[in-house]
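This report concerns only the one structure given below.
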Amino acid sequence: MSDKHVAVLMGGFSAERPVSLSSGAACAQALEAEGYRVTRVDVDRNVSGVLSDLRPDVAFNALHGPFGEDGTIQGVLEYLQIPYTHSGVLASALAMDKGQAKHVAKAAGIPVAEARVMSRFDIGNRHPIEPPYVVKPVREGSSFGVVIVKADQSHPPQVLSSDEWRYGNEVMVERYVHGRELTCGVMGDTALGVTEVVPTGNAFYDYDAKYAAGGSTHILPAQISSNVYQKIQSLALKAHQAMGCRGVSRSDFRYDDRVSEDGEVIWLEVNTQPGMTPTSLVPEMAAHAGLSFGDLVRWMVEDASCLR
Numbered sequence: 001m002s003d004k005h006v007a008v009l010m011g012g013f014s015a016e017r018p019v020s021l022s023s024g025a026a027c028a029q030a031l032e033a034e035g036y037r038v039t040r041v042d043v044d045r046n047v048s049g050v051l052s053d054l055r056p057d058v059a060f061n062a063l064h065g066p067f068g069e070d071g072t073i074q075g076v077l078e079y080l081q082i083p084y085t086h087s088g089v090l091a092s093a094l095a096m097d098k099g100q101a102k103h104v105a106k107a108a109g110i111p112v113a114e115a116r117v118m119s120r121f122d123i124g125n126r127h128p129i130e131p132p133y134v135v136k137p138v139r140e141g142s143s144f145g146v147v148i149v150k151a152d153q154s155h156p157p158q159v160l161s162s163d164e165w166r167y168g169n170e171v172m173v174e175r176y177v178h179g180r181e182l183t184c185g186v187m188g189d190t191a192l193g194v195t196e197v198v199p200t201g202n203a204f205y206d207y208d209a210k211y212a213a214g215g216s217t218h219i220l221p222a223q224i225s226s227n228v229y230q231k232i233q234s235l236a237l238k239a240h241q242a243m244g245c246r247g248v249s250r251s252d253f254r255y256d257d258r259v260s261e262d263g264e265v266i267w268l269e270v271n272t273q274p275g276m277t278p279t280s281l282v283p284e285m286a287a288h289a290g291l292s293f294g295d296l297v298r299w300m301v302e303d304a305s306c307l308r
């Protein structure tokens with residue numbers, strides 16, 4: 001039992017609000033079962049005033065997407081001097097910016113795919129790089145706005161220049177890496193297991209594959225050589241440390257084993273606010289390491305601090 005008062009920050013106003021509500025509800029319930037006093041906070045623009053009145057001992061950040069994982073709410077919590085879970089202001093902002101994160105990862109010796117950051121309006125009718133490639137919004141999560149351009153497409157996707165595009169004007173155009181989707185969580189200074197994510201019926205690991213029941217199959221431990229398995233764990237920990245992450249993070253990779261077993265391993269991104277829903281990857285990895293969901297959220301609360 002603990003007499004700590006934990007405010008679980010959930011919901012918010014990004015496109016990932018439904019996922020955050022699901023993550024927050026699961027974490028709040030688990031924390032109550034661990035004996036914490038829990039207040040659920042559906043975050044709006046008045047969150048600073050709400051938290052000033054509540055004065056919790058810890059803020060459990062279950063927000064996803066802009067505001068929740070880009071350093072903004074972290075700055076609010078630093079200002080209020082409320083210890084919080086996950087990464088701090090700088091690491092959160094850095095990891096959320098795919099272009100800057102790639103520069104840091106590359107400088108740390110982590111293998112990344114060639115890419116360029118540009119305005120979506122500058123892409124026009126000519127391919128910015130040789131297809132196949134992937135276009136990603138620079139500052140979105142959960143695969144929102146990701147477009148895959150296949151090798152035989154004659155021109156870039158028209159949606160990029162349309163008024164319907166709502167993911168910001170800056171995009172990253174990245175070489176498409178063939179192969180399998182692998183992901184690895186980090187908890188403190190320890191890499192967890194490596195999971196292969198196999199989308200069921202989806203072209204790639206998109207929003208529905210991540211969060212819809214049955215949207216993907218998780219193979220843990222991933223059926224790869226011990227050599228590649230350990231390499232991915234090492235790279236996930238290196239990325240966590242290079243970005244300055246704290247608490248829990250998760251790095252995503254592509255593994256192309258078409259030519260050889262060692263193949264090509266490419267780091268895609270680090271997620272500083274990985275999902276904590278019933279279908280989420282990090283809780284599964286923690287369970288594989290012998291930690292219950294309650295153990296995981298309790299560790300995160302006890303790890304919380306300011307100046308992260």
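For the sequence shown, the positions run 1 to 308 when UniProt numbering is used.
Note that the Cβ used here is the ideal one computed from N, Cα and C, for glycine as well.
*CB of Val135 within 8 Å of CB of Val171, strictly*: Looking up residue 135 in the sequence shown gives position 135. Looking up residue 171 in the sequence shown gives position 171. In contact: Val135 and Val171 (Cβ atoms closer than 8 Å).
_Straight-line Cα distance separating Cys306 from Gln81_ = The count along the sequence shown starts at 1 and reaches residue 81 at position 81. The count along the sequence shown starts at 1 and reaches residue 306 at position 306. In a straight line, the C-alpha of Gln81 is about 7 Å away from that of Cys306.
*Which partner residues of Ala115 appear in the DSSP bridge assignment?*
On the sequence shown, residue 115 is found 115 positions in, with the first residue counted as 1. Looking at the DSSP assignment, Ala115 forms a beta bridge with Glu174.
*Which runs of the beta strand (DSSP E) spanning at least 3 residues fall entirely within the stretch 48 to 136, listed in chain order?*
58 to 61, 115 to 119
*So who's on the other strand from His5, going by DSSP bridges?*
Against the sequence shown, residue 5 aligns to sequence position 5. According to DSSP, His5 bridges with Arg37.
*asked:* Tell me the rounded alpha-carbon separation between Pro157 and Asp189.
replied: For the purposes of this step, residue 157 is taken as residue 157 along the sequence shown, with counting starting at 1. For the purposes of this step, residue 189 is taken as residue 189 along the sequence shown, with counting starting at 1. Their Cα atoms are separated by approximately 41 Å.
*Drop a sphere of 10 angstroms on the beta-carbon of Pro221, count the other beta-carbons inside from all chains shown, and report buried for 16 or more, exposed for fewer.*
Within the sequence shown, residue 221 is the residue found at index 221, counting from 1. The residue is exposed, with fewer than 16 neighbouring Cβ atoms inside 10 Å.
*Please work out which residues of its chain come closer than 7 Å, Cβ to Cβ, to Gly168, disregarding the five sequence neighbours upstream and downstream, and give them in chain order.*
On the sequence shown, residue 168 is found 168 positions in, with the first residue counted as 1. So the list reads Pro137, Val138, Arg139, once near-sequence residues are dropped.
*Please list, in chain order, all residues of the same chain as Ala289 whose beta carbon is under 6 Å from its beta carbon, the five residues on each side excluded.*
Locating residue 289 in the sequence shown gives position 289, where the first residue counts as 1. Only Leu192 meet the Cβ criterion.
*Reducing DSSP to helix, strand and coil, say where residue 316 ends up.*
Outside the shown range of the chain, which is 1 to 308, sits residue 316, and nothing can be said about it.
*Taking only the alpha-carbon atoms, compute the straight-line gap between Arg17 and Val58 and give it to the nearest angstrom.*
Position 17 of the sequence shown holds residue 17. Position 58 of the sequence shown holds residue 58. Cα-Cα distance, rounded: 21 Å.
*With C-beta atoms as the reference, is Ala91 less than 8 Å away from Met10?*
On the sequence shown, position 91 is the one that residue 91 refers to. On the sequence shown, position 10 is the one that residue 10 refers to. No.
*So what's Phe253 in DSSP terms, helix, strand or just coil?*
Position 253 of the sequence shown, counting from 1, holds the residue named residue 253. Phe253: strand per DSSP, three-state reduction.
*Ends of the alpha helix (DSSP H) at Ala283?*
Looking up residue 283 in the sequence shown gives position 283. Here the sequence assigns Pro to residue 283, which means Ala is not the residue at that position. It spans 281 to 288 - the alpha helix (DSSP H) in which Pro283 sits, taken as one unbroken run.
*asked:* Let me see if you follow: with CB-CB separation under 8 Å, is Ile110 close to chain B or not?
replied: No chain B is part of this structure, which consists of one protein chain only.
*Closest Cα partner of Pro132 within the set Leu51, Val177, Leu31, Gly65*: Reading the sequence shown from its first residue, position 132 is the one you call residue 132. Among Leu51, Val177, Leu31, Gly65, the Cα nearest to that of Pro132 is on Val177.
*Keeping to the same chain, check which residues put their C-beta closer than 8 Å to that of Met300; ignore five residues upstream and five downstream.*
Here residue 300 refers to the residue found at position 300 when the sequence shown is read from its first residue. Closer than 8 Å at Cβ, skipping near neighbours: Phe60, Thr85, His86, Gly247, Val248.
*Residues in its own chain within less than 7 Å of Pro66 by CB, not counting five upstream and five downstream?*
By one-based count along the sequence shown, residue 66 stands at place 66. Result list for Pro66: Ser14, Arg139, in chain order.
*Rank Asp295, Thr195, Arg308, Ser260 by C-alpha distance to the C-alpha of Gly35 and give the top, closest one.*
On the sequence shown, position 35 is the one that residue 35 refers to. Closest option to Gly35, Cα to Cα, is Asp295.
*Determine, using beta carbons only, whether Ala26 and Thr277 come nearer to each other than 8 Å.*
Along the sequence shown, read from residue 1 onward, the residue named residue 26 stands at position 26. Along the sequence shown, read from residue 1 onward, the residue named residue 277 stands at position 277. Going by C-beta atoms, Ala26 is nearer than 8 Å to Thr277.
*Using a Cβ-Cβ cut-off of 6 Å (strictly less than) and excluding sequence neighbours within five positions of His155, which residues of its own chain qualify?*
Indexing the sequence shown from 1 puts residue 155 at position 155. Answer for His155: Asn125, listed in chain order.
*How far does the alpha helix (DSSP H) with Leu296 in it reach, from first residue to last?*
Mapped onto the sequence shown, residue 296 falls at position 296. Segment 293 to 303, the alpha helix (DSSP H) holding Leu296.
*asked:* For Ala107, count the other beta carbons within 10 Å of its own beta carbon; 16 or more makes it buried, fewer makes it exposed. Which is it?
replied: Residue 107 sits at position 107 when you count from the first residue of the sequence shown. Ala107 should be labelled exposed.
_Collapsed DSSP secondary structure at Ile224 in the structure displayed_ = Taking the sequence shown and counting its residues from 1, the one referred to as residue 224 is at position 224. Coil, per DSSP.
*Length of the line joining the Cα atoms of Ser20 and Gln74*: On the sequence shown, residue 20 is found 20 positions in, with the first residue counted as 1. On the sequence shown, residue 74 is found 74 positions in, with the first residue counted as 1. Taking the straight line joining both Cα atoms gives about 16 Å.
*asked:* Just to confirm before moving on: does the CB-CB distance between Arg254 and Val173 stay below 8 Å?
replied: Start at 1 with the first residue of the sequence shown, and residue 254 comes out as number 254. Start at 1 with the first residue of the sequence shown, and residue 173 comes out as number 173. No, the pair does not count as a contact, with Cβ atoms beyond the cut-off.
*When burial is assigned at 16 or more other CB atoms within 10 Å of the CB, is Arg250 buried or exposed?*
Residue numbering aside, residue 250 sits at position 250 when the sequence shown is read from its first letter. Result: buried.
_Please return the same chain residues whose Cβ sits closer than 7 Å to the Cβ of Ser22, not counting the five positions on each side in sequence._
Numbered from its first residue, the sequence shown carries residue 22 at position 22. If we look at Ser22 and ignore the five residues flanking it on each side, its Cβ neighbours are Thr277.
_I need the DSSP call for Glu32, collapsed to helix, strand or coil._
Mapped onto the sequence shown, residue 32 falls at position 32. Residue state, collapsed to three classes: helix.
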